[in-house]
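Reading through the structure tokens given below for one structure.
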Amino acid sequence: MKKLSLVFCLLFCFMLTAQITDFDDINFNRADNIAKRHSNLDLKNLPLLAHNLTFDLPTEAEKFRAIYTWVCSNIKGDLVQDSKVSKNRKKFQKDSVGYLNWNNAYKNKAIKKLLKQNKTMCTGYAYLIKELCFLANIECKIINGYGRSTTTNVDTLQLVNHSWNAVKLSDKWYLCDATWSSGYFINDVFIKDYNLGYFLTEPILFAKNHYPINKKWLLDSTLISSDYTASPMVYGKTFTHQITPISPSNLNTFVKENEIINFSFKIPDTINTKDVTLIQYSGFNEITRDLEYIKQDNGQVTLATKFKNIGTFDVHLKLKNDIVTSYTIQVAKK
1 MKKLSLVFCL LFCFMLTAQI TDFDDINFNR ADNIAKRHSN LDLKNLPLLA
51 HNLTFDLPTE AEKFRAIYTW VCSNIKGDLV QDSKVSKNRK KFQKDSVGYL
101 NWNNAYKNKA IKKLLKQNKT MCTGYAYLIK ELCFLANIEC KIINGYGRST
151 TTNVDTLQLV NHSWNAVKLS DKWYLCDATW SSGYFINDVF IKDYNLGYFL
201 TEPILFAKNH YPINKKWLLD STLISSDYTA SPMVYGKTFT HQITPISPSN
251 LNTFVKENEI INFSFKIPDT INTKDVTLIQ YSGFNEITRD LEYIKQDNGQ
301 VTLATKFKNI GTFDVHLKLK NDIVTSYTIQ VAKK
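Each residue of the sequence shown is one higher than the one before, starting from 1 at the first, in full-length UniProt numbering.
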């Protein structure tokens with residue numbers, strides 16, 4: 001029992017520290033260049049693609065980076081397919097067996113379309129990452145769960161709607177999301193925008209908008225042992241800047257009028273605090289909130305503001321021109 005407990009504790013330690021900073025000593029430029037050099041290849045011969053992307057790279061991390069960069073750069077999102085799957089997820093929301101049967105039947109069509117047209121949705125991205133990793137002798141799994149956005153799974157986890165990957169590198173598991181790394185839709189048009197923030201992301205940040213069906217794939221002992229609570233909303237730019245919100249810890253926060261509340265976050269690099277603001281919107285007008293103070297200490301930035309009026313306020317943390325976190329603050333009479 002003692003040995004098992006020791007193994008269990010060590011496993012959680014590995015989970016807790018598994019993040020992109022583990023590979024600070026690796027220059028991924030070579031892997032990225034190899035992916036770019038082979039952008040003309042298609043998916044008709046996956047073994048050849050996997051070989052060309054990885055055979056000349058010395059480490060698992062570099063091999064995986066080449067695979068990840070190629071997939072994110074060469075596969076487009078498929079809105080038609082995504083809409084069809086979303087519709088059936090809602091249709092079978094209370095019939096998991098029915099949805100599983102439908103999904104298994106539809107999966108073959110989706111994979112055929114991916115291999116033929118280089119277009120897919122989240123399941124296809126995760127499938128392709130896993131297959132190329134298998135061919136490169138890298139252990140990788142597809143993780144299914146809840147993707148949080150401004151329109152779904154906001155306050156509670158209601159609908160399983162997303163897939164991503166866990167990859168094992170140097171005997172540690174890491175998390176990544178090729179779908180959200182590859183780009184986004186604007187007015188039904190897919191915009192390519194390679195966001196490396198979703199590559200081997202720190203687990204606590206990743207969990208802000210990814211929650212797996214199987215909690216062990218949270219990869220952090222503190223997250224696994226606690227129940228789900230709706231955290232502040234985060235966005236693609238949150239991952240670009242590698243910002244991890246600290247407080248308030250929940251999306252919805254209750255305070256009294258004239259009470260000072262701290263907004264804090266961690267960031268890997270030192271920043272100019274003049275670039276950080278708290279904003280609200282009045283119609284289409286952006287209003288910058290007055291701050292009691294702002295400070296930066298050991299990788300953590302803290303802003304303090306006072307809510308003088310009773311009501312409900314959507315407050316957004318902004319770094320330069322990017323909104324990176326959103327909160328709902330409910331202010332009651334003192």
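Backbone N, C-alpha and C define an ideal beta-carbon position, used for all residues, glycine too.
Within the segment 134-214, the runs of beta strand (DSSP E) at least 3 residues long that lie entirely inside it are, in chain order, 140-147, 162-169, 172-176, 183-186, 189-192, 210-212.
According to the DSSP secondary-structure assignment, Y125 is paired through a beta bridge with no residue. When D24, N118, L218, H241 are compared, the shortest CA-CA separation from D322 is found for H241. Put simply, the segment 277-295 does not touch the segment 199-210. Fewer than three CB pairs are less than 8 Å apart. By the C-beta criterion, the segment 185-198 is judged to be in contact with the segment 76-87, since at least 3 inter-stretch pairs fall below 8 Å.
Annotation for N33: no beta strand (DSSP E) segment contains it, though the alpha helix (DSSP H) segment containing it runs 29-37. When beta bridges are read from the DSSP output, G311 appears opposite V331. Taken through DSSP and simplified to helix, strand or coil, D22 comes out as helix.
CA-to-CA, the gap between K113 and H316 works out to about 39 Å. Counting the other Cβ atoms within 10 Å of the Cβ of R148 gives 16 or more, which makes it buried. Taking each of K295, K237, F254, S264 in turn and checking the Cα distance to P245, the smallest one comes out for S264.
Along the length of the segment 228-282, whole alpha helix (DSSP H) runs at least 4 residues long occupy 236-240, reported in chain order.
In the DSSP secondary-structure assignment, N285 is bridged to S282.
Assignment of I323 by DSSP, reduced to helix, strand and coil, places it in the strand class. Annotation for D297: the continuous beta strand (DSSP E) segment containing it runs 293-297.
Between the segment 91-102 and the segment 61-71 there are fewer than three inter-stretch CB-CB distances shorter than 8 Å, so the stretches are not counted as touching. Under DSSP, Q300 forms a beta bridge with K266, D297. Here Y281 is exposed. Its C-beta has fewer than 16 other C-beta atoms within 10 Å. At the C-beta level, A110 and N165 stay beyond 9 Å of one another. In the structure shown, L317 falls within a strand segment according to DSSP collapsed to helix, strand and coil. Judged by pairs of C-beta atoms under 8 Å, the segment 121-139 touches the segment 177-188, as three or more such pairs exist.
In the three-state reduction of the DSSP assignment, K216 falls in the helix class. Excluding residues up to 5 positions away in sequence, G77, L79, I191 lie with their Cβ nearer than 8 Å to the Cβ of F185 in the same chain.
Here K94 is not bridged, per DSSP, to any residue. Between the alpha carbons of N137 and I20 lies a gap of roughly 20 Å. Scanning its chain for C-beta atoms nearer than 6 Å, with the 5 sequence neighbours on each side dropped, one finds around T238 the residues V324, in chain order. Annotation for P58: no alpha helix (DSSP H) segment contains it, and DSSP assigns it neither H nor E.
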